[in-house]
Structures are given as C-alpha cells and as structure tokens.
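Participant:
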Amino acid sequence: MINKKENLMDKITSLAKRRGFVFPGSEIYGGLANTWDYGPVGVELKNNIKQAWWKFFVKDREDVVGIDAAILMNSRVWESSGHVSGFNDALVDCKACKARIRADHLIEDALNMKAEGMTPEDMTKIIEENNIKCPVCGKKDWTDARKFGLMFKTYQGVTEYDSNIIYLRPETAQAMFVNFKNVLNSTHKKIPFGIAQIGKSFRNEITPGNFIFRTIEFEQMELEYFIKEENWQKQFEYWQNEMTKWLDYLGIKKENYSIREHDKDELSHYSRKTVDFEYNFPFGTKELYGLAYRTNFDLMSHQNSSGQNMEYFDTEDNKKYIPHVIEPTFGVDRSVLAVMVDAYCEEEAPTADGKTETRVVMKFNKKIAPVKVAILPLSKKENLSKKAKEIFDLLKTEFTCQYDESQSIGKRYRRQDEIGTPYCITVDFESLDDEAVTVRDRDTMEQERVGIGEVREYLREKLK
Ligand code: GAP
0 MINKKENLMD
10 KITSLAKRRG
20 FVFPGSEIYG
30 GLANTWDYGP
40 VGVELKNNIK
50 QAWWKFFVKD
60 REDVVGIDAA
70 ILMNSRVWES
80 SGHVSGFNDA
90 LVDCKACKAR
100 IRADHLIEDA
110 LNMKAEGMTP
120 EDMTKIIEEN
130 NIKCPVCGKK
140 DWTDARKFGL
150 MFKTYQGVTE
160 YDSNIIYLRP
170 ETAQAMFVNF
180 KNVLNSTHKK
190 IPFGIAQIGK
200 SFRNEITPGN
210 FIFRTIEFEQ
220 MELEYFIKEE
230 NWQKQFEYWQ
240 NEMTKWLDYL
250 GIKKENYSIR
260 EHDKDELSHY
270 SRKTVDFEYN
280 FPFGTKELYG
290 LAYRTNFDLM
300 SHQNSSGQNM
310 EYFDTEDNKK
320 YIPHVIEPTF
330 GVDRSVLAVM
340 VDAYCEEEAP
350 TADGKTETRV
360 VMKFNKKIAP
370 VKVAILPLSK
380 KENLSKKAKE
390 IFDLLKTEFT
400 CQYDESQSIG
410 KRYRRQDEIG
420 TPYCITVDFE
430 SLDDEAVTVR
440 DRDTMEQERV
450 GIGEVREYLR
460 EKLK
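For the sequence shown, position 79 (counting from the first letter as 1) is numbered 78 according to numbering that gives the first Met the number 0, and the numbering increases by one without interruption.
1) Once you ignore the five residues that flank residue 180 on each side, which residues in its own chain have a CB closer than 6 Å to its CB?
2) Taking the C-alpha atoms as reference points, what is the distance between residue 373 and residue 239?
3) Just how far apart, CA to CA, sit residue 11 and residue 39?
4) Please specify which runs of the beta strand (DSSP E), each continuous and at least 3 residues long, are wholly inside the stretch 88-141, giving them in chain order.
5) Among residues of its own chain, excluding the 5 on either side of residue 383, which ones have a beta-carbon nearer than 8 Å to its beta-carbon?
6) Below 8 Å between beta carbons: does that hold for residue 168 and residue 70?
7) Please state whether the Cβ-Cβ distance between residue 401 and residue 370 is less than 8 Å.
8) Please go through the stretch 1-53 and give each complete beta strand (DSSP E) segment of 3 or more residues, from N-terminal end onward.
9) From what residue to what residue does the alpha helix (DSSP H) around residue 482 run?
10) Among all the DSSP beta bridges, which residues are the ones paired with residue 279?
11) Between the Cα of residue 198 and those of 216, 189, 204, spot the shortest distance and give me the residue it belongs to.
12) Taking the DSSP output, what are the residues bridged to residue 422?
13) Look at the alpha carbon of residue 470 and the alpha carbon of residue 192, and state the distance between them as a whole number of angstroms.
14) Quick check on residue 216: does DSSP put it in helix, strand or coil?
15) Report the rounded CA-to-CA distance for residue 124 versus residue 285, giving the unit in angstroms.
16) For the structure I just gave you, are there three or more beta carbon pairs, one from the stretch 130-150 and one from the stretch 88-107, closer than 8 Å?
17) One question on the structure: do residue 278 and residue 290 come within less than 8 Å of each other, judged by their Cβ atoms?
18) Span of the beta strand (DSSP E) holding residue 85?
19) Using the Cβ count rule (16 or more neighbours within 10 Å means buried), how would you classify residue 341?
20) Spatial neighbours of residue 365 within its chain, please: CB distance less than 6 Å, with the 5 preceding and 5 following residues excluded, ordered by chain position.
21) Ends of the beta strand (DSSP E) at residue 361?
22) Leaving out five residues on either side along the sequence, give the residues of the same chain with a beta carbon under 7 Å from the beta carbon of residue 171.
23) What residues in its chain sit with their C-beta under 8 Å from that of residue 203, if we drop five residues either side in the sequence?
24) Would you kindly check if the distance between the Cβ of residue 224 and the Cβ of residue 324 is under 8 Å?
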C-alpha cells in the first residue's frame, strides 16, 4: 500500500515536469533544494486557485477587503510578532553521515507520535531512549537537538551591519496587523471584518520537501478576521465551515481530508486554539491549511512596540478595545499539490485499433482546470489549420485555450487528458462543409457534433 502511494508521488512529479506543471528549481545547475518553478500549465492552475480564493473570500463578501503589502518590512515587525526570537525548528545532526534533520519529524516518522512543540531537551531524550536510527545512513550517532532560526535574512543598503538586517517575511499575516488602522480609516469597516492577502512567504526549511509540499519560498492566502473577544468560538466555528466549503469548491474529495485540533503543547505562541485541515498526501497525512484563534496577541504586541494606538472604537457598545482575531490560512502550493493528487486517475481507454491502453487523466474540477479547451485540427493541411485557428480566435477571449496540431489525434487527446483539459475540439475535413466540430468530454470520452456557431454557448453552459 505504502509503495503504491510513494509511487503515486513519483508519477505526479514526473507528470508535472513532462507536461509543464512544475519543474525543479535551477535545474541546469543541479537544482536548489526545496525550490520549484511553475511551468506554463502549472501557472494557469495556480492562478486559477488564487483567483477563485480571492473571489470566494474577498470579492463575494461584504465584510472582507484585500491588501498587497511589501514582502520586506521593518525588522521591528518581526521582533514584536515573536518571530525573531521564537520562529525556529529543533534540528539534529547525524555525526556519521552529516545529515541534518528536523528532530520532531525524525521522532514522528520513527515512532508515529506527534512531537511538534516539544523542547529540544525532550526530543534529544526521546531520540536516545528509543535508539532512533538515521534514515539516511542507519547509524545512531546524533548530536543533541538545537534550535535554528527559520527566517531568511538580508541587508538593506550597502553595508552589512547588524543594524541593517531585514527579513524576508515568513508569513503574510503581519502586514494585515500592521495595516489594521490604515484599512480601518480608509474603509470605515465595522467589526467583525477581515483583511486578506495573497503573497509570497519565505522560510529556511531544511527538511526534505516532498515536491512542492514544503519549500523555502511559497505562497500563502491568509485572512485575518477581527472580532469581539466574546464571539471567538462562534466565529471559529463559522470559519471552519467556510474553509470546508472552500475545499468543496476546489473539488477536493471529502474522504481525502480531515480536521485535527492541536494539543496544548503544539499551539503556536500566539494561538489559543488551532485546527489543521489535513490532507492524505501519498507521503502521509499532513497539514494542508490551518485555522487559528490568535486572540489579540498581534495587535497588542504592535501597539506596545510601536507606541501606536491599535484600538477600535465600537459605536454600538460605545467602547474602545483591541480586537481579537480568527485566522484562516491557506498554502497556495499545498493547494496545487492536493488538487493534483486528488485529480490524478489512471483508467482503461480504447485505442483507435480496438485495443485498450491505460490513460492518465487529471480530473480537475472544471472551474480550476488550467486549460479549458483544446483546439485540434485533424491534420496540418492549410485549410484545416485556418479553420481551427478561426475557432481558437473565437474562443480564446473567453476560455483559456490551447492550439495543438502536432502528432496523432490520439496522442494529442492523451496530452490534454494529462493536463486535465475538460473539452477537446476536433476540426476535421467535414467541418469545412458542415460548419461543425467534434467536442470530446475529458471524463466520459464521449464525442458530440456541435455547430461552430453554437460552440461558444455550448462550452459556456458546460463550464458553468
Ligand atoms: N500566519 C499563520 C501561518 O503562517 P503556518 O501554519 O505556519 O501558519 C500557513 O502556515 C500555511 O502555509 C500552511 O497551512 C501551509 O499550507 C503553508 N505553508 C507553511 N509553510 C510552508 C512551506 N514551507 N512550504 C509550502 N507551504 C507552506
């Protein structure tokens, strides 16, 4: 079973490269650990997910507004938020083979227990007492667990003094807190309301990444929802429900994810309650998204450190207070990975000569499929290409289309199946006479003849 699942990850990584979803980062120079580049199809899939999220959590709501803040922020933001002193992982080094591994992951994988949140001393003890072996060389010769900061540092200006250190943000969330008053004063929103952002975050992760699951540069979609303290439980439940609806909207199968509440010692320094939405990835059940009750920790810290007032004046209660926060947080890259794992199918399909073969098909939810329609002239003959290009021009303004005339029609169908294109339009010699084309459905492989004049409306209806 495990082998089969591991094999699935290899298949997805290989398909991702072959078809232009995701390439290894800096590949021609031997790569750069835990970095990946999105290719032509992958960027469409990723953009569709981000746009859908923005519509679902921002545009379709009256109580949420968006921002797009700078990645580089004043270092004092990260001192106040607790990241400079507290955002680190405990790592152990194998003295024999020099492998450096996250201590909690080592324990979790060897003993099948949660170790996140334990002190380095406790983890060192557990590793020793249980004689845990190095997964790379098999020896049992570990250093003690020590903490390593996860923040990427750089210097502003030309001099590399400590006073010039700035950080690449490790989460987008802080920009929403720092801009709380700016947003409030410019929009006159009333509590409860939220501020959302989609953007890059950076963490100096050293553990094996499992493809795009854990990378050093990734995107987050985060929402900070400001509330009255007494409403936190009600709001927590509400947002847990909204996150479930979002997974439904993405098309993630219910049986493939679950919700797990953090134990007390697992909670981040700012959180009083957190749940993880965990997905059954081929390499294990792991965090996909998180939902946290951050209390008023962040606004309070920024008020104390900056000396700026972060209070909200509640006109209903005639009271000033520092709002509390519920934070639904989503990884873009983990969404892409979950969507790919969920969509991957292998099934028997008939070939042109009456035999069967295995076809790989990405059964993406049509709304987020990277390419919606492929236009495929049956041959490269000039009159067919011309007709097919006219159809491409007719459809491209409304649907993401691909034009493909190379190799046999069977091979082209397989390629489109592998990138999950819901509809393929074949333009054949008859099309020149009857002004009609054949539309093939990705999932059923059924084909239907549709007039060129009606094809736009036909697709509109199907892709609704
Ligand atoms: N603002 C809260 C926060 O950042 P987090 O659980 O550390 O919480 C939120 O991160 C989400 O960001 C995760 O649920 C995951 O989807 C994504 N994420 C975190 N670290 C990541 C990494 N190294 N690579 C890819 N995605 C990551």
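Cβ coordinates follow ideal geometry from the N, Cα and C atoms, glycine included.
Facilitator: Answer, in terms of the structure:
1) Nothing listed; no residue qualifies.
2) If you take the alpha carbons of residue 373 and residue 239, they lie about 37 Å apart.
3) Whole-angstrom Cα-Cα distance: 16 Å.
4) For the stretch 88-141, whole beta strand (DSSP E) runs of length 3 or above, ordered along the chain, are 99-101.
5) Same-chain partners within the cutoff: 376, 377, 426, 427, 428, 430, 431.
6) Contact flag set, yes.
7) Against a cut-off of 8 Å, the Cβ pair of residue 370 and residue 401 comes out as a contact.
8) Entirely contained in the stretch 1-53, the beta strand (DSSP E) runs reaching 3 residues are, in chain order, 21-23, 35-37.
9) Residue 482 lies beyond the range of the chain shown here (0 to 463); nothing can be said about it.
10) Its beta-bridge partners are 284.
11) Taking only the C-alpha atoms, the option nearest residue 198 is 216.
12) Residue 422 is bridged by DSSP to 372, 440.
13) Because the chain here runs from 0 to 463, residue 470 falls outside it and cannot be looked at.
14) Annotated three-state conformation of residue 216 is strand, per DSSP.
15) If you take the alpha carbons of residue 124 and residue 285, they lie about 25 Å apart.
16) Touching, yes.
17) Contact annotation: residue 278 and residue 290 have beta-carbon atoms that are not nearer than 8 Å.
18) Judged by DSSP secondary structure, residue 85 falls outside any beta strand (DSSP E) and instead within the alpha helix (DSSP H) spanning 82-85.
19) A residue is called buried when at least 16 other Cβ atoms come within 10 angstroms of its Cβ; residue 341 meets this threshold and is buried.
20) Contacts found: 421, 462.
21) Its beta strand (DSSP E) spans residues 355-361.
22) So the qualifying residues of the chain are 196, 198, 200, 219, 221.
23) 147, 148, 149, 150, 151, 215.
24) For residue 324 and residue 224, yes; Cβs fall inside 8 Å.
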